[in-house]
Structure formats: structure tokens, C-alpha cells
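Undergrad:
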Amino acid sequence: IVFSGLDGAGKSTQISYLVDYLSQNGHRTQYFWSRGGYTPIFSILKVGLRKLSRGRALPSPGHSSGRTKAFSRPLVRKSWLTIAVLDLILVYGIYLRLIQSSGRVVVCDRYLWDTLIDFRLNFPEETIETWLIWRILVKITPIPDVAFLLLIPVEESVRRSKLKFEPFPDAPEVLARRLEMYRQFIEDGYGHELDGLRSKNDLIQEIQKIVDIHFIKDSQTVA
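For what it's worth, our numbering labels the leading residue of the sequence shown as 128, then goes sequentially.
1. Mapping the DSSP letters down to three states, classify S199 as helix, strand or coil.
2. Give the DSSP-derived three-state secondary structure of L133 in the structure shown.
3. Taking just the CA atoms, how far does K266 sit from Q347?
4. Below 8 angstroms, how does it come out for the region 283 to 290 and the region 135 to 142: are there three or more Cβ pairs, yes or no?
5. Let me confirm a value: L330 is counted as buried when at least 16 other C-beta atoms fall within 10 Å, else exposed. Which label applies?
6. From the DSSP output, in three-state form, read off Y158 for me.
7. Whole angstroms is fine: what's the gap from D214's alpha carbon to V129's?
8. Is there contact here, the region 247 to 257 with the region 145 to 160, by at least three beta-carbon pairs under 8 angstroms?
9. CA-CA distance, Y341 and P280?
10. Thinking just about the alpha-carbon of each residue, which of R237, H154 and R224 is nearest to the one in S161?
11. State the start and end residues of the unbroken alpha helix (DSSP H) segment that holds E283.
12. Does the beta-carbon of G164 have 16 or more other beta-carbons within 10 angstroms, so that it is buried, or is it exposed?
13. Can you tell me the Cβ-Cβ gap for W240 and Y317, rounded? I've got them flagged as a contact below 8 angstroms.
14. Mind checking which residues open and close the beta strand (DSSP E) that includes V234?
15. Could you give the first and the last residue of the continuous beta strand (DSSP E) run that contains A274?
16. Here's the rule: buried if 16 or more other CB atoms are within 10 angstroms of the residue's CB, otherwise exposed. What is T242?
17. Give a yes or no on whether the C-beta atoms belonging to L225 and S131 are separated by under 9 angstroms.
Have a look at this one:
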């Protein structure tokens with residue numbers, strides 16, 4: 128089960144309630160957060176590289192002129208993306224499938240599509256979806272049984288991010304482009320669009336009804 132969408136749209140809240148709901152109905156669940164370039168393995172690699180090079184190989188995290196300058200170099204940009212995709216092949220193609228094979232229901236906070244949007248926004252010079260290594264990643268990444276896409280207006284995302292003290296929030300213009308890309312996924316048939324402005328309880332009920340069709344009722348039928 129996958130939850131995607133803008134920052135502040137309510138993904139974490141809905142995931143928490145859904146995990147409890149699935150557990151109450153006899154399902155073993157596993158929470159799974161992922162984002163290309165920020166997985167635990169890749170984060171450790173970046174920290175080590177920064178220390179070894181004394182900050183010359185990679186800039187500090189977050190938006191900065193140093194980061195922009197570093198990624199303006201094609202070799203740095205392509206190398207970073209290649210390592211990030213290889214890391215995701217391990218995360219989705221091996222680790223996630225191992226969790227699935229244990230019989231647990233995996234509830235994902237962000238997924239491959241969120242990363243694709245990140246890469247498109249942060250590296251517009253690269254059409255990464257045409258890379259062979261990316262196509263391999265898409266091929267081996269499990270297709271979700273259910274996908275939810277929580278969307279809110281840009282202004283509301285900015286407001287909620289401030290309330291949550293997000294360390295590296297997107298600028299409004301970036302959020303607007305991100306929202307446009309998410310809406311394109313909806314048009315292409317990706318998952319269920321949910322209005323993040325609706326009440327928490329309304330969203331909980333709708334999500335549970337959709338999940339029931341795929342998991343709860345199926346398990347009861349088998350039993």
C-alpha cells in the first residue's frame with residue numbers, strides 16, 4: 128500500500144491509522160519510508176564521502192549555492208543519480224521484496240514515483256526515465272496493490288510545512304510544479320486521488336473502505 132503526495136497533505140497521519148486498522152484485522156504490517164538519495168545506506172555513503180573529501184566531493188545537505196554549483200557538473204550529477212538508482216534497486220528489488228515474502232502488508236510512505244518527481248525537479252538536465260538503469264529499477268520494483276495520492280493546494284502545503292518546521296521545504300514554485308506532476312500521474316491512472324483538505328476522519332473511512340476490498344475481505348474469504 129503506497130501513500131504519495133505533497134508535504135503536509137496528511138500522509139503520516141493516515142499511514143498511522145491504517146497500520147493500526149490492518150493490525151486489528153489480523154495483518155502483520157511493516158511501515159516503509161523511502162526516497163531516492165536519502166535511504167539509510169546512501170545517507171551513510173554521503174556522510175563518509177563528505178568527511179573523506181572534507182566537503183569537496185559533495186556539498187552539505189539542503190539548498191545552497193555550493194550544492195547548485197556541484198550538481199552543475201555533469202559528472203557529479205550523473206554519478207550521484209547512478210548511485211541513487213543502484214541503491215533503490217537494492218531497496219525495492221531486494222529489501223522490499225524480502226519483507227513482502229514474509230507475509231507482511233507493507234505500507235509505504237512515498238514510493239518510486241515520488242523519487243521520479245524529485246529527480247525531474249532537481250535534475251532537469253537529465254531525462255532519467257530513459258536511462259537503462261532506471262528502466263531496470265522500474266521493472267523490478269513491486270507494483271502496489273493500492274496507491275493513494277494525497278494532494279493539497281500549494282499555499283496549504285507551505286503553511287503546514289512551517290507548522291511542522293520542515294528543515295528543507297520546497298519553494299512555492301517548486302511545489303506548484305510538483306503538484307502538476309502528481310496530477311499527471313492521476314490522469315495516467317496512478318492510484319486514488321484524495322483531497323488532503325477533507326477531515327481526517329472522512330479520509331480514514333475512505334481509505335479503509337478501499338483497503339478492505341484488497342486485503343480485509345480477501346483474507347476473510349480465504350479463511
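Where is the CB? At the ideal position from N, CA and C, for every residue including glycine.
TA: Looking at the coordinates:
1. Against the sequence shown, residue 199 aligns to sequence position 72. Of the three classes helix, strand and coil, the one that applies to S199 here is coil, per DSSP.
2. Translated into the one-based positions of the sequence shown, residue 133 becomes position 6. Three-state result, L133: coil.
3. Looking up residue 347 in the sequence shown gives position 220. Looking up residue 266 in the sequence shown gives position 139. Its pLDDT being 48, under 50, Q347 is placed unreliably in this model, and the value from its coordinates should be taken loosely. Those two C-alpha atoms are separated by around 31 angstroms.
4. yes
5. As a position in the sequence shown, residue 330 is number 203, starting the count at 1. Classification for L330: buried.
6. Against the sequence shown, residue 158 aligns to sequence position 31. Correct three-state label for Y158: strand.
7. For this step, residue 214 is matched to residue 87 along the sequence shown. For this step, residue 129 is matched to residue 2 along the sequence shown. In a straight line, the C-alpha of D214 is about 19 angstroms away from that of V129.
8. no
9. Your numbering for residue 341 matches position 214 in the sequence shown. Your numbering for residue 280 matches position 153 in the sequence shown. Note that residue 341 corresponds to His in the displayed sequence, not to Tyr. In a straight line, the C-alpha of H341 is about 29 angstroms away from that of P280.
10. Walking along the sequence shown from the start, residue 161 turns up at place 34. Checking every option, the nearest Cα to that of S161 belongs to R237.
11. Start at 1 with the first residue of the sequence shown, and residue 283 comes out as number 156. Residues V281 to L290.
12. Within the sequence shown, the letter at position 37 stands for residue 164. Label assigned to G164: buried.
13. For the purposes of this step, residue 240 is taken as residue 113 along the sequence shown, with counting starting at 1. For the purposes of this step, residue 317 is taken as residue 190 along the sequence shown, with counting starting at 1. Indeed, because the Cβ distance is near 7 angstroms, the residues count as touching under 8 angstroms.
14. What you label residue 234 is simply residue 107 of the sequence shown in a count that begins at 1. It spans V232 to D236 - the beta strand (DSSP E) in which V234 sits, taken as one unbroken run.
15. For the purposes of this step, residue 274 is taken as the residue at position 147 of the sequence shown. Taken as a continuous stretch (DSSP letters only), the beta strand (DSSP E) holding A274 covers A274 to L278.
16. Working through the sequence shown from its first residue, we reach residue 242 at position 115. Under this definition T242 is a buried residue.
17. Translated into positions along the sequence shown, residue 225 becomes position 98. Translated into positions along the sequence shown, residue 131 becomes position 4. No, they are not a contact pair.
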